[in-house]
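Only one structure is covered here, and it is reproduced in the block below.
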Amino acid sequence: MNVVLMVSEGQTEALGVGEEYLAKQSLGWVVTQYKMAIDRMPKVGEKVTVATRATSYNRYFAFREFWLTDATGKECVHVDSIWVVMDRNTRKMISIPEDVIAPFDAEVVKMIPRLGRPMRLAADEQLMEKQYRVRYFDIDQNGHVNNAHYFDWLLDALPMSFLSRHRLVALNIRFENEVQYHNDVISQAALVTDNQEPIITKHRIKMPDGEVATEAECHWQPVAKQI
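Going by UniProt numbering, the first residue of the sequence shown is number 1, and it counts up by one from there.
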């Protein structure tokens, strides 16, 4: 996810509306949801191409797509995402300024595509949990946890015995509330199905007071056994 974020940041810089431009107005782009389809993950050392396009927006939400392709041009990973603009002083979402969005030449729409809500953990489910404290180096330029760290926290709640025998094929993650420096968080996960494909796990990151920061739904397939 760090690569995906770098590509989107690179595009904003190239269009003249990057971090420096936004910081002067105390503004920042914040992602509220990712939906990812994974055909295969790139191998270590493999050369891939990551492309992005801001496709549509309305008053408050912008829709952005990402493609990761291999050397043959085959798509390995596709990511859809929803973004908002945050006022860094008030920490609140604002309507997207025209000068910030215009350079992307995206389509103006009444409603952007919906990505659907991830399946929610139920109160009676058997949970796997891990706790974390947010470090300084977990923070991004908007003053909250870099999105890439959420993926580590979410998946780290699953045991190694599961992660080593399955590969992630789809992910839907929705960011509900900010996590900031020195916050303590709890990553929770539950296995929904393990005897049919896709295998599904549900995830949640919450504060000790119960406030939910992030919810996610992951789909998995068993890793083929080596003969």
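Quick reminder that beta carbons are idealized off the backbone N, C-alpha and C, glycines included.
Tell me, to the nearest whole angstrom, how far the beta carbon of residue 155 is from that of residue 163; I am working on the premise that it is less than 8 Å. 7 Å
Closest by C-alpha distance to residue 168, when choosing among 175, 152, 114, 181: 152
Is DSSP giving residue 72 helix, strand or coil here? coil
Tell me the rounded alpha-carbon separation between residue 150 and residue 99. 30 Å
State yes or no: is the C-beta of residue 65 within less than 7 Å of the C-beta of residue 55? A contact, by the Cβ cut-off of 7 Å.
Apart from the five residues just before and just after residue 227, which ones in its own chain have a Cβ nearer than 8 Å to its Cβ? In this prediction, residue 227 scores a pLDDT of 49, lower than 50, which makes its location untrustworthy; no coordinate-derived value is stated.
Please report the distance separating the alpha-carbon of residue 161 from that of residue 223. 12 Å
Status (buried if at least 16 other CB within 10 Å, exposed otherwise) for residue 252: Residue 252 is absent from the structure shown; the chain starts at 1 and stops at 227.
I'd like to check one pair, residue 217 with residue 118: are the Cβ atoms closer than 7 Å? yes
In three-state DSSP terms, what is residue 103? helix
In the structure shown, what three-state DSSP assignment does residue 246 receive? Because the chain spans 1 through 227 in this model, residue 246 falls outside it and cannot be assessed.
Spatially closest choice to residue 27 from 97, 199, 209, 165, by CA coordinates: 97
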